[in-house]
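A.B. asks:
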Amino acid sequence: MRISAYLTKVANLPYAGLDKLGGGAVTIFAPHPDDEALGTGGLIAACLQAGIDVNVAVLTDGAGSHPNSRRYPRARLIELRRQECRAGLEALGLSLAKITHFDLPDTSAPMSGALFDQAVQRLSQLVVRSASTSLFVSWDKDPHCDHLAAARIAEAVGRGLPHLLLWHYPIWGWYLPSSKSIKRPPPEGFRFDISSWISQKHQAIAAHASQMTKLIDDDPKGFTFSPEKLHRFLEPTEYFIRSQS
């Protein structure tokens with residue numbers, strides 16, 4: 003199947019509500035600080051308003067976005083991105099006690115080996131401790147190594163916890179070349195209407211000023227979201243693909 007056809011099916015998944023989440027808590031696993039806001043900001047706010055416990059774990063430190071900045075050397079950038087993540091999640095109503103940072107190096111998240119196993123164990127413990135019945139993670143077809151690593155870690159957790167519902171949220175996968183092929187069945191999952199929480203989501207995204215603005219302007223190769231790429235995540239719908247692994 004062409005990726006364009008697959009993503010069209012994702013964009014037309016049936017709408018569903020919080021009853022899809024299995025009745026327990028929810029854990030969000032983000033590859034970088036900001037992916038949780040972009041992919042699941044509305045869902046987080048909706049869950050919290052409904053009294054559903056939410057925990058957020060962030061895999062990497064986010065230091066790869068502006069590696070050549072002198073004003074924001076690595077340690078300062080890591081702290082900035084951590085503060086942005088916390089501010090964004092607070093805008094959604096999440097307590098800081100519900101945020102966990104794995105602090106693995108940006109662009110070097112493990113896909114195997116001891117560090118991978120440690121991440122799997124740590125995420126699994128969080129899921130079990132929080133009594134989560136749903137785990138949300140980046141899509142395994144997102145063209146970014148850390149997004150793939152996060153997906154593989156979450157999939158390993160899912161294999162060890164058969165009761166767990168595993169959902170993927172696309173970020174960069176939306177922008178894959180339309181001619182690219184994907185070898186898997188048509189997607190299952192749901193669309194979630196976040197109209198009632200769209201303002202909170204916008205605030206959460208805006209909190210990541212290092213990624214959304216020219217706050218860090220001394221690295222010519224630094225990353226900033228373009229309006230074209232950001233537009234999809236400002237819309238009143240979020241998309242979740244059921245894991246088929």
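This note's numbering numbers the first residue of the sequence shown as 3 and each following residue consecutively.
Just so you know, even glycine gets a beta-carbon here, dropped at the ideal spot from N, CA and C.
Can you find a CB in chain D that lies within less than 8 Å of the CB of V139?
C.D. replies: In the displayed structure, chain D is absent; only one protein chain is listed.
A.B. asks: Any contact between the region 53-71 and the region 25-42? By contact I mean 3 or more CB pairs, one from each, below 8 Å.
C.D. replies: At 8 Å Cβ cutoff, the stretches touch.
A.B. asks: Going by the DSSP bridge assignment, what does Y17 pair with across the sheet?
C.D. replies: Bridge partners of Y17: R193.
A.B. asks: To which residues of the same chain is K1 closer than 6 Å at the C-beta, ignoring the five residues directly before and after it?
C.D. replies: Summary: the structure shown does not reach residue 1, with the chain confined to residues 3 through 247, and so no result is reported for it.
A.B. asks: On a Cα-Cα basis, can you pick out the residue from P187, G25, R234 and G175 that is closest to S140?
C.D. replies: Nearest option by C-alpha distance: G175.
A.B. asks: If you drop the 5 nearest sequence neighbours on each side, which residues of the same chain put their C-beta closer than 7 Å to that of A52?
C.D. replies: Cβ neighbours of A52 beyond the five flanking positions: L20.
A.B. asks: Starting from the Cα of F235, find the closest Cα among F118, L178, T42 and A156 and give me that residue.
C.D. replies: Comparing Cα-Cα distances from F235 to each of F118, L178, T42 and A156, the minimum goes to T42.
A.B. asks: Which same chain residues end up closer than 6 Å to A48 when comparing Cβ atoms and leaving out the 5 residues on each side of it in sequence?
C.D. replies: Contacts found: W199.
A.B. asks: How about Y8 and P222: do their beta carbons lie closer than 8 Å?
C.D. replies: No, they are not a contact pair.
A.B. asks: Examine the Cβ distances between the region 141-161 and the region 209-218 and report whether three or more of them are shorter than 8 Å.
C.D. replies: No, the region 141-161 is not in contact with the region 209-218.
A.B. asks: Please report the distance separating the alpha-carbon of A99 from that of A93.
C.D. replies: One C-alpha to the other measures close to 14 Å.
A.B. asks: Just grab the DSSP bridge partners of L167 for me.
C.D. replies: Answer is S136.
A.B. asks: Using 10 angstroms around the beta-carbon of E86, count the other beta-carbons present and answer buried if the total reaches 16, otherwise exposed.
C.D. replies: With 16 or more other Cβ atoms within 10 Å, it is buried.
A.B. asks: Strictly by DSSP, which residues pair up with L106?
C.D. replies: According to DSSP, L106 bridges with T62.
A.B. asks: Can you give me the start and stop residues for the alpha helix (DSSP H) that R84 sits inside?
C.D. replies: From DSSP, the alpha helix (DSSP H) with R84 extends over R76 to A93.
A.B. asks: Would you mind listing the beta strand (DSSP E) stretches within the region 19-55 that are 3+ residues and don't spill past its ends, in chain order?
C.D. replies: You should have 27-32.
A.B. asks: On the DSSP letters alone, give me the boundaries of the beta strand (DSSP E) that F242 sits inside.
C.D. replies: Element bounds for F242: T239 to R244.
A.B. asks: Return the Cβ separation of S126 and G26 in integer angstroms, given the expectation that the two are a contact with Cβ distance under 8 Å.
C.D. replies: Not confirmed; about 15 Å, so no contact.
A.B. asks: Mind checking N57: buried by the 16 CB within 10 Å criterion, or exposed?
C.D. replies: Answer is buried; the Cβ neighbour count reaches 16.
A.B. asks: Go ahead and pull the three-state DSSP assignment for R154.
C.D. replies: Helix.
A.B. asks: Going by the CB atoms, is the gap between L40 and I207 shorter than 8 Å?
C.D. replies: Taking 8 Å as the Cβ cut-off, I207 and L40 qualify as a contacting pair.
A.B. asks: Using three-state DSSP, classify I173 as helix, strand or coil.
C.D. replies: Reduced to three states, the DSSP call for I173 is coil.
A.B. asks: Would you please state the rounded distance, in angstroms, between the beta carbons of S71 and G191? I believe it to be under 8 Å.
C.D. replies: S71 to G191, Cβ: 38 Å. No contact.
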